[in-house]
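In the numbering used here, the protein residues as written are 96 to 663.
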């Protein structure tokens, strides 16, 4: 081990930024991978990126910069070849005479500045920036598509040289370097953007690739239709699917490592009139399970929710449409209560993330392993806590409720628009009201909204148009939920958020906890509206009300809350 590595590691331990155990973990990784200390430290995510940057700046006496606040002139971008900028992950900022200021992320990697000095013939003044800021700046100034465009250009070929279906069916042609590079670049770009899904959609003359980032689809590039069969075949091989079959839907799974992160890919292929359409769900295993603090609950709801998940028995339901973050909330709850003294068993379709010391079962209808049958088996496994991915039918609901009645804590999800509608949904399934009243300890409805980008967040005075929209969004809320705003916050667009004004997502919530009076209403089959009115009168914050509070706190915007709560 290099002395500089040892010195840096000991300094981090001395400053309390690393524990001795974490330092030993890094040393073991360096011996295995031969990577630099800083690179291993970043890959293991043991220290917040900005805290690490501040430490490195002080340690090596190198100034730090925020690239989001820099305006870089076009002539400066030409000082270092783009290929070298991307390979070394650096960003030229300014040039004065024979000196060039360049942002780097690893001050210990002296070979980078030496290489730049040789290539440019200039004196290099390094400054420190976070790795993510440098990547975003490269995408912004040099173009995120440039690498992909190079690959696409290499695919443009005469039609007669394109591999035919028979050749591809025999497995030939799909390992060609351009196709492999196209697929690899597609995924590395999606992971870099933090995309949750990649859509590969064939059209009449070309194929459109879009990434879903923070819940919104964005077109990222296009490639020739003539290459689509080879791309599909490549993905089928990766997902262990039948490359000779293109007439029926297929689903598969791939696990890959990109940029030091483990990513699970769920591949769904459906035949369309223009060719096979692919949607790939990306599950980043290294950042999969979030803590309850990261979900975005307000203080009162967070405290009440924690109290619910610590109860020894009962049923707790999470409701909302597809893509509203229900599974993320369930995993965060399980992560919070996962202790050695509890036996936690889950049945899911599919198992999205693996949790340590949790027994997770994958639904498999082919062998009659349904939610209901799996639940019956789980009850013979001496569980303390049971998580059911989704209650879809009466049989599953009945077994789950019996489990809750017999001393187990049951967590599950339902597809309803708000919290109180879950009661009506269970009754519609055929569950007796007295069973619902006896077992349901809480129902959490939720939606996802985009967060305002912290790097370009600005305060603006209220405009008449904004005020009208706000008053419309406030319709239907109790009079006690009166909000008076003189200003709003929004993002103006920057490198960090790719000019969208938003970065990341969090939840807005509606937590319904039935008391004795409401249980009496459930027993008498009161309507969802009556139950909801009573819950609101007793202090329950509805979804839109929670959203408006987060607008007031500058966390999100009126447009986002209105978009997410149109159906409630």
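Every residue, glycine too, gets a C-beta built ideally from N, C-alpha and C.
As the structure is a computational prediction, the values presented were derived from the model and not from experiment.
Query, Result
"Start and end residues, beta strand (DSSP E) containing residue 357", "356–367"
"Member of 449, 199, 373 and 344 whose CA lies at the smallest distance from the CA of residue 303", "373"
"Terminal residues of the beta strand (DSSP E) in which residue 553 lies", "552–556"
"Collapsed DSSP secondary structure at residue 543 in the structure displayed", "strand"
"Cα-Cα separation between residue 292 and residue 282, rounded to whole angstroms", "10 Å"
"Buried versus exposed, by CB contacts within 10 Å (16 or more), residue 284", "buried"
"Rounded C-alpha distance that separates residue 675 from residue 630", "Only positions 96 to 663 of the chain appear in this structure, which leaves residue 675 out of reach."
"Within 8 Å, strictly: CB atoms of residue 149 and residue 186", "no"
"Among 321, 356, 367 and 377, the one whose alpha carbon lies nearest that of residue 347", "377"
"Residue 405 burial status per 10 Å Cβ neighbour count (16 or more: buried)", "exposed"
"Distance CB(residue 237)-CB(residue 277) smaller than 8 Å", "no"
"Residue 281 in three-state terms, based on DSSP", "helix"
"Per-residue burial, residue 396 [other beta carbons within 10 Å of its own, 16 or more giving buried]", "buried"
"For residue 515, the three-state DSSP class (helix, strand or coil)", "coil"
"The stretch 496–515 in contact with the stretch 458–465 per 3-pair CB rule at 8 Å", "no"
"Exposed unless 16 or more other CB atoms sit within 10 angstroms - verdict on residue 206", "exposed"
"Residues bridged to residue 311 [DSSP beta-bridge criterion]", "308"
"Residue of 190, 226 and 492 minimising C-alpha distance to residue 218", "190"
"DSSP bridge partner residues for residue 196 (one or two, in chain order)", "189 and 220"
"Cβ separation of residue 642 and residue 660, assumed to be a contact under 8 Å, to the nearest whole Å", "6 Å"
"For residue 475, the nearest candidate out of 488, 484, 486 and 494 (CA to CA)", "494"
"Residue range of the unbroken beta strand (DSSP E) whose run includes residue 483", "480–483"
"Helix, strand or coil at residue 434 according to DSSP, with G and I counted as helix", "coil"
"Euclidean distance between Cα positions of residue 165 and residue 358", "32 Å"
"Terminal residues of the beta strand (DSSP E) in which residue 651 lies", "Run containing residue 651: none; DSSP gives neither H nor E here."
"Residue 290 in three-state terms, based on DSSP", "coil"
"Residue ranges of each alpha helix (DSSP H) within the stretch 127–166, 4 or longer", "132–139 and 144–155"
"Closest by C-alpha distance to residue 327, when choosing among 412, 113 and 370", "370"
"Which of helix, strand or coil DSSP assigns to residue 255", "Legend: pLDDT at residue 255 = 39, less than 50; position of this residue unreliable, no value from coordinates given."
"Residue 372: CB within 7 Å of a non-hydrogen atom of the ligand COA", "Among the components of this structure there are no ligands whatsoever, and the ligand COA is therefore not found."
"Coarse secondary structure for residue 105, derived from DSSP in three states", "helix"
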